[in-house]
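Okay, structure first, notes after.
Chains as they are written, first to last, in this note's numbering: chain A, 1 to 762; chain B, 763 to 1524.
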């Protein structure tokens, strides 16, 4: 039951309908389908009727108001690739819609165990014909190209004719909203249909993008459970293909139409049309139930690895599962894509990948699905050359600078002071690679891919920084907190840069004598002297600290600015970025999100406890949490500082951010990073998980009214089950070759199937 | 002879033709006419065929790549308002052009005493018909609406028919060049013709702008010196009016066609058409020679007030006069306009007004034409309300923030870090007002307009700054040097802010008991407490100084950045702004132009001489002078520091920047600020002029090979003539009620007609 989200359909307003489009979207990391109503909505609704392919994009111009040297003047944007979800149903010519006749009852369901969304409706037409409708939708994890709609209609109180008009529209446009800077402002015809055909009632279409010249193939087939159905497939204007299914029904009879949509693209397939045709053939041979079964299996394995239960708060329990499920839906399953800020659930942030992936979403996969995490990290390796080019554009003589927002690895940020200037992205990616290594012990990944990234990002720090009186400083960068831009020695940035430099050198020594290590050294021409420079820069990295207050300032000049008066700021002026010119914000001590506090989360040894505590308390008073990435970091650090109440309070309802539409913009897509952040708040915060060179440890507590919680994680190929109760914590090694673990300060060695228990009340 | 610029027409290339369009443009501060050839140029030439009205603009969109709160998304642009300069001449049907037949001889002349440009040509047609052509053009200083062309053609070696086709095109477009960020990238139809008519062969047209809804009226009339001329005026497509003049000629006979164009606009006239009609009537009554006479008179007065002669360098002498003449041509004569970065000579920088006016051009007028200077300053008063609105947009609770670039007072800068963030514009305007007061003693101006500006700009400093440990600091501003942006405590900015605060309070006490003072206090609600705050901020203004080196850093963190290696930078990479991403530039010690050094020029007491000298020497090594505003400041400060050779060397050929097309972009318009800067280099630099509260002083030297120089200035309504010779300097009070003056450290009192002389060889 904690894996089923149900919502009664009572409110058919624009707002509620759009919200459900996000909450009930289907995605498998390759394709994403907004949960729009098959039959459509009134014309004045701002529905985002979209189907997306991870990594599939076109290039759009992004003119600069004043174009300075090497400013970015075009960007990639995730495309709405087709519409194969439209199905109209007619009962003796009367068209089913929630906006005519009467919806007697209706609900929408997300079943996370089955991996299916469902809409069940009892509807009465204006002339009194009653239909019982049940629509199931799935994007298959087993066959990533596949999206299915199983549309069942029962003629409750009449005999007559049911008609299904099912569409396949290869050419669609993106949603646009000129009022919101976080969405595309203009709609444009990106797609050209280059092939469309019908073969044995199966329709095929291939479209090509205008600038990026990518091809997307879609294939659509229908099955009907009635042999007397008349099926007619025709192509009309704009290559819209209509499959018209007419079935005579008797009262009480149920007609089931199954619609299979297959998506393939030229990023992954040489000939997407043929690939799609072959896939569809196999799919039709296997049949829908085969994929339903595979879906269930896949999710059963997923929820075993990613098991998390919370006692005493059923709604939270559901939300936690929902969040993990959404992370899975969002995450690419190959390295052609990654995890967009809103997954595949909507067009907010244009499908771009940010630091969100490495810092907020990836940790979940590292702990629960290391193979997938490894593949997600591979994406950054695949785009390393573009990061090298980006570094050159920014004037660096060497190294790689990852883009702030991108699809293919090219910088797509239009305002560089809070985009490209966020050099910490380099350190974030390095941190994620190091963390992956520490959790998995996968040195092969480091050898093959990881160290090349680490060395190139470390090189960039060397080129970007310089020495002042023996201290290595990093000037003119922007930290995670975008309310302060282009500052010197942003603490967070210097911390991740230091970590990056440290491990780049450390790994170098670990692999320099191996075959792949030697190959790498030759490939990128790295010299011992450069490694020494890295070690020196790391050792001498300047970290701001204010002697007088004992607090760590966010950057060199942060404390020379006045504190923003948050109490006197009218409620309607939040988030501040929508109400104040950035230059004004820059001139105050006010934070959009965790920045220095975020560094305390990443680095246990960032400072002594007293400094961290004082700093934490200080940043509490000046942080607006205007970003959904903020509170989880505060929660984790509060937990680290044994501020249990605060930890719980920051965690608060953030796990329900999307389910409860707390930011009022879930309609544009889910807040994927927040979902990962909530997961981390439980595991790293409440359970006190630490994984470092010295091994794994936990130090849990029970937050708030929770009476217990448990979760599974994977450490060095050992699958661990951690169970926290009121007075005790137990750890079970479900499978694996054994591991040491420190629980509440005590060291243990665990063998397979063994459980250890520590009394936490002692 | 030193007021005549002559150029032989030998080279008819695209480049040379465009350059002459600028050098031989006519302007009177109200209208400007590019020196394009009446008969046109080949279609592939990038001619900028323009006629402009100071302050006449339309609004164009300026979309931001990423639009943050209160970013500027449209801008004003100076419009090309009409084409009344096109005249084609045919000799028996053969059309005169330098690009057909043979130009036997030709020259272009700018006669600055007559205020006329002239082109004289001997041309032979393909069939051997020889024409002697003499074209004189004038924009009248006496009647600002008037532009005239006196077109004389002599049939040297044939009898036959001469035909003049003279055009009046009311609808024209602006020049565009998508490759140069300093010019508009797109051309657009801004004008709509709303009236066009012909009355007694005189043509009238009224156009209206698309967005700003301004109207421009043009009236064109022709006179011919031959009674047998057939004149036919007709209107064709696009409201183009053609005046066709056919005159039979005998060999040796000269036909003179005089074309009068009158420009009026709805910024200055309620009914521009009627105003234009009346003006034209009066003009035709007076006749051309009347205006030629008035022009000569006007310029004779101008060059008396602005007299400057340099012995021993005739070319320089000419250049100096040229520069002063161009300043006069560029400067508005009413407060509807100001002085654009390129005057009225071209469309570079879109006709925007910058700090250039107050800091580089105005000082010339303050010393030579205080009434005009007063009027130019009035422009800033007229736009004070818009500066108040701009301050609000930037989040300030009070005060006024002048726009970085504008026509009507609205911010038109697209990239705020090196635009709007240049808060020093406020201090620059304040400085100019204070300087005007110190030179003229005009307290009435302060009372009526100046103090309101000073108080509102001072208020802005109070709101923008804050106290840190008792010191008043100004964070996140950009100084004049755009290679470093959004820094804390830019020395230049803090210096002008301090001066602004000082005098805002000082004037307050001077006028608070006067009637107009009381009115002002009531109007803007200023309290004694606020004045105290200003005095405190002024007193405690933080000014960066590096104890260790004894050098003043450009800003708080300037010295924590590495020094840019200018020696290793390839020549072709200058100017740096066209070859390096700004974020890269920001991370180095490298200056586009004088910044700290500029402050030394403005404030004698900026620092002790040793600090200034050390700092000057330091900034010499890291300044690229990529801006044409830089070297004159270095020259003046070198002179102040008694570095005579350096002063002369920085002055160098900068006076000839446009005449010699040294920046290769004079075709886009003149570098007006540099012209003012060169003037200042002579007066404030070589002659060591200082005007402060304690009076006026000079301390001249003879730079380089100069054998003497002299100039006139006006101080407190005393017209002074200063004559510097090898061994002596003399000052004559040409007219006025008398003044004290310090010459080479000795104090004198001068009566009218009196001359004092100081031996400088003693």
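The beta-carbon is built from N, C-alpha and C at its ideal position, and this holds for glycine as well. Since the model is a prediction, treat every value here as computed from it, not as a measurement.
Chain B within 8 Å of residue i, Cβ atoms only
{"i": "residue 491 of chain A", "result": "no"}
{"i": "residue 420 of chain A", "result": "yes"}
{"i": "residue 562 of chain A", "result": "yes"}
{"i": "residue 69 of chain A", "result": "yes"}
{"i": "residue 629 of chain A", "result": "no"}
{"i": "residue 584 of chain A", "result": "yes"}
Residue range of the beta strand (DSSP E) that includes residue i
{"i": "residue 779 of chain B", "result": "Unbroken run through residue 779 of chain B is the alpha helix (DSSP H), 776–785; no beta strand (DSSP E)."}
{"i": "residue 90 of chain A", "result": "87–91"}
{"i": "residue 634 of chain A", "result": "From DSSP, residue 634 of chain A is part of no beta strand (DSSP E) but of the alpha helix (DSSP H) over 631–640."}
{"i": "residue 260 of chain A", "result": "254–265"}
{"i": "residue 818 of chain B", "result": "813–823"}
{"i": "residue 715 of chain A", "result": "708–715"}
{"i": "residue 763 of chain A", "result": "The structure shown does not extend to residue 763 of chain A, since chain A is modelled only from 1 to 762, so the question has no answer here."}
Run of the alpha helix (DSSP H) containing residue i, from where it starts to where it stops
{"i": "residue 1201 of chain B", "result": "1186–1202"}
{"i": "residue 123 of chain A", "result": "Looking at the DSSP string, residue 123 of chain A is not in any alpha helix (DSSP H); the run it does join, the beta strand (DSSP E), is 116–124."}
{"i": "residue 537 of chain A", "result": "528–539"}
{"i": "residue 1147 of chain B", "result": "1146–1155"}
{"i": "residue 476 of chain A", "result": "Per DSSP, residue 476 of chain A belongs to no alpha helix (DSSP H) and is neither H nor E."}
{"i": "residue 283 of chain A", "result": "272–286"}
Close beta carbons around residue i, own chain, < 8 Å, minus the five adjacent residues each side
{"i": "residue 710 of chain A", "result": "307, 308, 309, 721, 722, 723, 724"}
{"i": "residue 1398 of chain B", "result": "1363, 1409, 1442, 1443, 1446, 1447"}
{"i": "residue 1158 of chain B", "result": "1222, 1225, 1226"}
Residue-chain proximity (residue i, chain D), Cβ-Cβ < 8 Å
{"i": "residue 1316 of chain B", "result": "You won't find chain D in this structure, because its protein chains are A and B."}
CB contact check: residue i to chain A, cutoff 8 Å
{"i": "residue 827 of chain B", "result": "yes"}
{"i": "residue 1186 of chain B", "result": "no"}
{"i": "residue 824 of chain B", "result": "yes"}
{"i": "residue 1248 of chain B", "result": "yes"}
{"i": "residue 1238 of chain B", "result": "yes"}
{"i": "residue 1319 of chain B", "result": "yes"}
{"i": "residue 1342 of chain B", "result": "yes"}
{"i": "residue 1339 of chain B", "result": "yes"}
Rounded Cβ spacing between residue i and residue j (contact assumed at less than 8 Å)
{"i": "residue 1237 of chain B", "j": "residue 1250 of chain B", "result": "4 Å"}
{"i": "residue 731 of chain A", "j": "residue 741 of chain A", "result": "6 Å"}
{"i": "residue 1187 of chain B", "j": "residue 1265 of chain B", "result": "Their Cβ separation, rounded to whole angstroms, is 16 Å, which puts residue 1187 of chain B and residue 1265 of chain B out of contact at 8 Å."}
{"i": "residue 949 of chain B", "j": "residue 870 of chain B", "result": "Their Cβ separation, rounded to whole angstroms, is 28 Å, which puts residue 949 of chain B and residue 870 of chain B out of contact at 8 Å."}
{"i": "residue 139 of chain A", "j": "residue 31 of chain A", "result": "5 Å"}
{"i": "residue 1323 of chain B", "j": "residue 1355 of chain B", "result": "With a Cβ gap of about 17 Å, residue 1323 of chain B and residue 1355 of chain B do not count as contacting."}
Residues of its chain near residue i, where Cβ-Cβ distance is below 6 Å and the 5 sequence neighbours each way are ignored
{"i": "residue 1172 of chain B", "result": "1148"}
{"i": "residue 873 of chain B", "result": "766"}
{"i": "residue 831 of chain B", "result": "none"}
{"i": "residue 1194 of chain B", "result": "1120, 1124"}
{"i": "residue 545 of chain A", "result": "552"}
7 Å CB neighbourhood of residue i in its chain, flanking five on each side removed
{"i": "residue 1498 of chain B", "result": "1479, 1480, 1481, 1514"}
Name, going along the chain, the residues of the segment 393–421 of chain A whose beta-carbon falls closer than 9 Å to a beta-carbon of chain B.
393, 394, 395, 396, 413, 414, 415, 416, 417, 418, 419, 420, 421
Between the segment 586–597 of chain A and chain B, which residues of the former have CB atoms less than 8 Å from a CB of the latter, in chain order?
586, 587
Members of the segment 965–984 of chain B near chain A, C-beta cut-off 7 Å
none
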